[in-house]
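Worksheet for the structure shown next.
Protein chains in written order, with this note's numbering: chain A, 71 to 559; chain B, 71 to 559; chain C, 71 to 559.
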């Protein structure tokens with residue numbers, strides 16, 4: 071029944087029914103139609119993607135070449151981010167032996183829904199023209215939508231294998247909504263800088279997922295233990311995810327930073343921090359096994375911690391060796407997390423975190439927020455130049471007189487806001503998800519694609535031609551039959 | 071014998087011989103040498119890739135920066151398209167349990183040949199300098215060559231597992247040739263716009279493959295039924311293909327559209343339409359199974375229908391919600407196609423379509439052509455601006471006075487031309503492929519890599535060290551032996 | 071004991087101990103801390119990535135747009151190169167049935183270390199400001215670091231499965247160091263052009279790995295023969311590596327060539343050469359089997375030879391048909407290498423080359439160096455233009471009066487320097503690696519992830535639910551137990 075009180079037990083503990091034939095199509099179709107209506111009412115092309123407005127914009131601003139269109143500054147980075155969202159996050163979660171369809175398939179589904187809802191939600195907060203009541207979108211909006219949905223995908227990492235696709239749609243609906251609000255508070259009201267989203271994406275998304283998972287605690291999850299692990303090839307698929315995340319993280323952190331030196335510097339800093347994380351991850355992983363053997367879980371995850379932790383500070387003048395130090399520390403912290411903190415959380419806090427998002431996103435994201443605060447507070451006009459300081463921290467308009475020290479304070483406050491939103495929002499969403507209407511699997515049925523997917527016959531049962539033609543009794547017949555009876559149950 | 075008349079039966083029905091030791095090397099070497107000769111006679115660098123001409127071009131056109139070179143406008147999109155052709159199409163077809171080598175390997179072979187032949191064929195029609203008799207190529211030519219070969223790869227999808235590599239080389243030779251002709255008719259003579267190729271690539275390629283497959287109908291294909299399906303990991307490999315196609319489709323549709331707002335808008339529209347397709351595909355797939363389970367075939371394919379259908383209209387001002395509606399509809403149409411139309415075609419029209427290209431390319435491509443026609447016909451000066459209308463539809467030279475309504479009519483006509491070329495061309499090529507000289511497999515030997523590849527021993531037969539050292543009798547010995555005897559037969 | 075003399079036998083032939091629990095963490099942590107110190111002392115942002123300097127740079131050089139930042143010229147190509155290094159090289163080596171973790175994991179580790187060390191070493195030789203004593207880095211430095219580490223990854227290909235991760239760190243430490251020196255000699259002192267690294271990367275890296283492998287010869291490697299081969303799915307993972315290398319090779323060769331027509335032409339030439347290699351590889355592979363069956367080893371490797379061989383000449387005016395001819399020849403040479411030369415080397419020269427880097431990198435790289443020399447020597451002012459000749463071959467400063475013929479001679483000399491560095495450097499490093507302190511595996515333990523990785527249970531042993539719940543005796547128990555006893559031994 072979980073750790074949230076027994077009083078509602080009888081209501082929540084009905085027999086599990088994983089049939090989603092009504093609920094999943096209904097949610098998909100209704101929400102998609104809602105998106106069409108909302109897009110029809112609100113969403114329009116911005117001045118760089120509308121053919122008429124772009125021609126006018128070029129005349130007005132005396133732009134002679136189409137290469138000045140923001141598309142050419144951001145599209146390559148956007149595509150890298152897009153790969154991270156769909157292949158990176160999707161394949162990173164395929165490590166479970168029999169949940170690869172769910173990992174990559176549900177990741178696909180909720181990301182595809184989330185980016186639409188994010189375009190609307192983020193548009194309302196950031197790009198609504200008060201005169202026309204319309205939202206203008208361009209390539210930067212697409213990147214921000216991908217960013218926004220990333221936080222929900224991170225939350226999925228904590229829930230992997232234990233929830234139904236309908237629940238995931240709910241997680242994403244609320245996750246995107248909460249994201250848009252906390253992002254507005256942190257970036258606009260507090261005027262923080264967080265281009266790579268250490269705070270708004272990773273800290274928020276990590277704690278959001280952990281809070282949901284905490285509320286959904288399954289005391290008998292050990293009944294699915296046989297499936298809660300990897301096999302050789304599923305670990306290889308997960309490495310596809312890891313590597314695409316790792317390689318493209320410089321694009322992630324730099325996708326929406328300032329044109330010119332901003333994007334350039336962000337890429338360099340992230341590249342360096344990530345390289346450093348790999349070495350410390352390997353060191354700690356090897357040190358923790360009696361014969362020095364490496365653990366794929368660490369290589370798949372902790373190597374990315376440096377990228378998460380540089381989400382805020384990468385666009386600042388953190389210096390190359392500063393980036394190395396951040397990656398060094400976060401690789402260690404994250405690997406220790408997998409070794410000690412995740413088991414501790416599960417045992418004592420009743421927190422089941424399938425992918426260990428606590429160690430990969432929550433903690434490095436939080437650290438990244440505070441690192442950003444420190445680097446911001448330490449900024450000087452000597453290093454940035456007067457114009458550079460204004461440009462980097464956007465000290466314009468009502469924030470023209472803010473000092474870097476104040477900025478550092480607000481950055482730290484922003485990190486706390488992100489964590490608070492994640493924890494409180496996740497707890498509320500978790501309660502909603504405990505309603506017995508979402509088709510989630512029983513405790514002995516978790517981590518199993520059979521529940522929501524038509525799974526093909528087993529690898530082993532490819533019969534050689536002769537056996538087949540002779541209609542020999544197939545050695546795996548009993549296995550197939552038992553699979554069948556599971557499906558019927 | 072197929073559904074094309076029995077009269078030629080005796081000639082076509084000889085014993086199958088799948089030995090391609092002479093024919094495959096001969097075709098590869100002869101055609102490659104022909105390419106060298108043709109390139110030597112015709113192909114030269116264009117003014118943006120030739121070092122001398124580019125320096126002159128900059129002087130002449132008063133260009134101050136190298137960033138104005140078309141390379142920087144198109145190369146990132148080109149690389150995305152390149153990934154779609156080789157990894158996207160290649161891995162999408164790896165879903166069969168024992169035809170993954172053939173899927174990705176033959177895709178690689180015919181794409182590598184096709185792009186060379188396409189550079190020559192498309193060059194003759196579009197870039198031949200009448201004074202020098204030379205074809206100038208640049209990055210846009212590379213993109214167009216990739217596009218051209220895509221139509222042959224689509225056709226391969228209908229034929230997967232049933233043809234020899236030599237036949238595929240023939241399919242590609244004629245496919246590229248037919249493509250260049252229909253593209254010339256549609257884009258130059260009819261002056262249609264089709265930047266993402268709904269008509270010229272998808273409708274043509276889809277119907278081309280279907281027509282070939284219809285002529286090559288195998289009444290006894292059920293003899294290979296044991297191999298005509300997926301296993302768990304082959305479905306995961308196919309998802310790599312799906313996701314890279316899905317993610318990079320905005321680049322596909324926008325790779326050769328107008329600089330500036332054209333590429334920008336195309337990317338946005340395609341991104342939105344694809345997101346919408348995912349949700350309706352999931353909805354219909356879940357609805358069609360008694361417990362709401364999803365089918366990987368639908369997720370792998372129908373989610374892409376929105377991208378196909380936006381191939382023509384994405385560069386127009388279709389509006390974001392228009393894109394959503396297109397994706398919404400095409401996800402539904404395509405999934406229904408997999409559920410009902412493909413089985414119907416196989417049963418009643420004797421059309422065996424291995425990958426279901428009818429549902430993913432032929433029909434969405436055709437719909438995309440008509441959607442483009444409607445959006446073009448509905449264009450107004452109010453939305454596009456005077457200059458924007460000219461720029462978007464290329465109303466210049468002899469077409470300066472064409473109205474948008476006329477343009478819409480021509481777009482629709484172009485779609486019909488593409489379909490006609492596919493059907494008639496495919497039927498003719500299919501007849502050629504029925505000659506008994508191409509080394510295609512027997513009906514009970516389809517979908518099997520053993521026929522054309524040296525396949526390594528089975529997964530299961532990795533012996534643990536001790537067993538191996540003790541020379542224990544291996545439990546799979548009989549299986550290995552039976553494989554061997556198949557190979558000998 | 072190997073082919074390097076028996077005298078040191080007793081010292082080198084102690085019992086193998088593969089426990090790296092002390093050495094691996096020690097090497098990783100010490101070297102990473104050294105990097106932090108070196109970065110702190112030397113590495114700074116360059117004028118295009120430092121916020122203050124970039125603002126000043128724009129003022130000084132009268133640059134009006136941020137798009138002129140080198141970032142926008144090179145970042146898309148950089149990301150392609152990055153994918154080649156981590157996914158391309160990593161997955162290309164996953165073809166072994168039980169060494170996929172080691173292939174992709176150790177590739178990841180040594181690349182992450184190597185790029186850091188390369189930034190320092192290459193910086194000392196190429197970007198050290200004599201006034202400040204600081205190294206300035208930008209996006210081109212990141213590309214060069216990736217290039218530099220590529221040579222060590224190539225060397226890993228020859229050693230795959232036979233060395234410990236600690237040895238690989240040593241290979242990389244010296245590999246990067248040697249690379250920086252030979253690169254300085256070839257590019258700066260000899261003033262060669264080698265943008266895609268036929269000489270400095272492929273010829274050097276290939277011979278470096280071969281020399282190490284020769285010194286580390288294992289006469290009893292046949293004891294691991296059961297694991298020195300592929301299985302069906304491991305070949306598919308390797309194709310991911312092959313295709314990403316193949317597709318992005320145009321970016322590799324063009325990443326640091328001249329802005330404008332230079333990068334444009336390089337991409338075209340490489341694209342064409344690679345296409346041609348595929349067809350001749352298929353032809354020779356098919357021709358060499360009695361029924362014309364293709365061998366995955368050839369498709370995975372020899373198809374890339376055209377890209378390697380164009381590393382030097384691709385930026386020159388080699389003409390499109392010249393590129394086709396290069397690809398044609400190198401596909402043949404490389405496939406013949408796999409068929410005849412690798413077995414010959416192993417049998418008669420006692421050279422064990424796991425991935426066949428001799429055929430993919432060493433020989434095509436050497437050929438590429440000489441092809442570059444010939445194309446350079448044949449350059450004319452008629453083709454390049456006066457300004458183009460200066461720009462392409464950098465005939466400026468002290469080299470202003472060099473003739474193209476002299477340049478050709480120096481290019482050929484550079485190739486020899488690269489090979490000499492590889493052979494001599496590799497032999498020395500090989501001797502170091504024979505010290506019995508590095509934890510390398512015994513001869514009957516090679517190609518086995520069990521040695522350095524915690525490997526999950528086998529694919530086959532996923533029990534269906536009913537069997538599990540009934541605690542039935544598991545049919546694979548004996549296999550698991552034997553695995554366990556291997557691990558203990």
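Note that beta-carbon positions come from the ideal geometry of N, C-alpha and C, so glycine has one too.
Kindly indicate the opening and closing residues of the beta strand (DSSP E) around residue 206 of chain B. 205–207
6 Å Cβ shell around residue 370 of chain C - same chain, five flanking residues per side excluded: 308 and 312
Leaving out five residues before and five after residue 536 of chain B in sequence, what residues of the same chain have Cβ atoms less than 6 Å from its Cβ? Here the model assigns residue 536 of chain B a pLDDT of 41, short of 50, so the residue's position is not dependable, and the following value carries that caveat. None.
Take the Cβ of residue 265 of chain A as the centre, count every other Cβ of all protein chains shown within 10 Å, and call the residue buried at 16 or more, exposed below. buried
Within this structure, are the beta carbons of residue 331 of chain A and residue 209 of chain C separated by less than 8 Å? no
Min CB distance residue 361 of chain A to chain C below 8 Å: yes
Residue 467 of chain A, buried or exposed, once every other Cβ within 10 Å from all chains shown has been counted against 16: exposed
Can you name the start and end residues of the beta strand (DSSP E) that residue 335 of chain A belongs to? From DSSP, residue 335 of chain A is part of no beta strand (DSSP E) but of the alpha helix (DSSP H) over 331–357.
Excluding five sequence neighbours on each side, which residues of the same chain lie with their C-beta closer than 8 Å to the C-beta of residue 539 of chain C? With a pLDDT of only 39 at residue 539 of chain C, under the threshold of 50, the placement of this residue in the model should not be trusted, and no figure is reported.
Of all Cβ atoms in chain A, is any one closer than 8 Å to the Cβ of residue 271 of chain B? no
Find out if the Cβ-Cβ distance for the pair residue 351 of chain C, residue 405 of chain C is shorter than 8 Å. yes
Can you list, in chain order, the residues of its chain whose CB lies under 7 Å from that of residue 489 of chain B, leaving out five sequence neighbours each side? 273, 277 and 436
Report back the beta-carbon spacing between residue 310 of chain A and residue 157 of chain A to the nearest angstrom; my notes put them in contact at under 8 Å. 7 Å
For residue 523 of chain B, which of helix, strand or coil comes out of DSSP? strand
Could you give the DSSP three-state label for residue 504 of chain A: helix, strand or coil? coil
Identify, in the order they occur along the chain, each residue of the same chain with its Cβ nearer than 6 Å to the Cβ of residue 159 of chain A, setting aside the five sequence neighbours on each side. 177 and 223
Can you name the residues of chain A whose CB is closer than 9 Å to the CB of residue 318 of chain B? 149, 152 and 153
Got a sec: is the Cβ-Cβ distance from residue 109 of chain C to anything in chain B below 8 Å? no
Ignoring anything shorter than 3 residues or poking outside the segment 171–249 of chain C, list the beta strand (DSSP E) runs there in chain order. 205–207
Cβ-based burial, residue 92 of chain A [other Cβ within 10 Å; buried from 16]: exposed
When you compare the CB positions of residue 560 of chain A and residue 297 of chain A, do they come within less than 8 Å of one another, or not? No information on residue 560 of chain A is available, as it lies outside the stretch 71 to 559 that chain A covers here.
Along the chain, where does the alpha helix (DSSP H) that runs through residue 142 of chain A open and close? 140–153
Identified DSSP bridge partners for residue 300 of chain C: C:166
When the Cα atoms are used, what is the spatial distance from residue 98 of chain B to residue 318 of chain C? 24 Å
Identify the continuous alpha helix (DSSP H) that holds residue 454 of chain A and give its terminal residues. 451–454
At a Cβ threshold of 8 Å, is residue 506 of chain B touching chain C? no
Below 8 Å on the Cβ atoms is my contact criterion, and I expect residue 137 of chain B with residue 143 of chain C to pass it. Report the Cβ-Cβ distance as a whole number of Å. 7 Å
Any heavy atom of the ligand FAD closer than 7 Å to the CB of residue 391 of chain A? The ligand content of the structure shown is nil, which means the ligand FAD is not present either.
Cα-Cα separation between residue 167 of chain A and residue 516 of chain A, rounded to whole angstroms: 12 Å
Contacts that residue 175 of chain B makes with chain C (C-beta to C-beta distance below 7 Å): 364 and 369
Count the other CB atoms within 10 Å of the CB of residue 346 of chain B; is the residue buried (16 or more) or exposed (fewer)? buried
DSSP three-state assignment for residue 489 of chain A, whether helix, strand or coil: helix
Alpha carbon to alpha carbon, how far is residue 287 of chain B from residue 89 of chain B? Give it in angstroms, no decimals. 21 Å
I'd like to know whether the C-beta atoms of residue 386 of chain A and residue 445 of chain A end up nearer to each other than 8 Å. yes
Quick check on residue 364 of chain C: does DSSP put it in helix, strand or coil? strand
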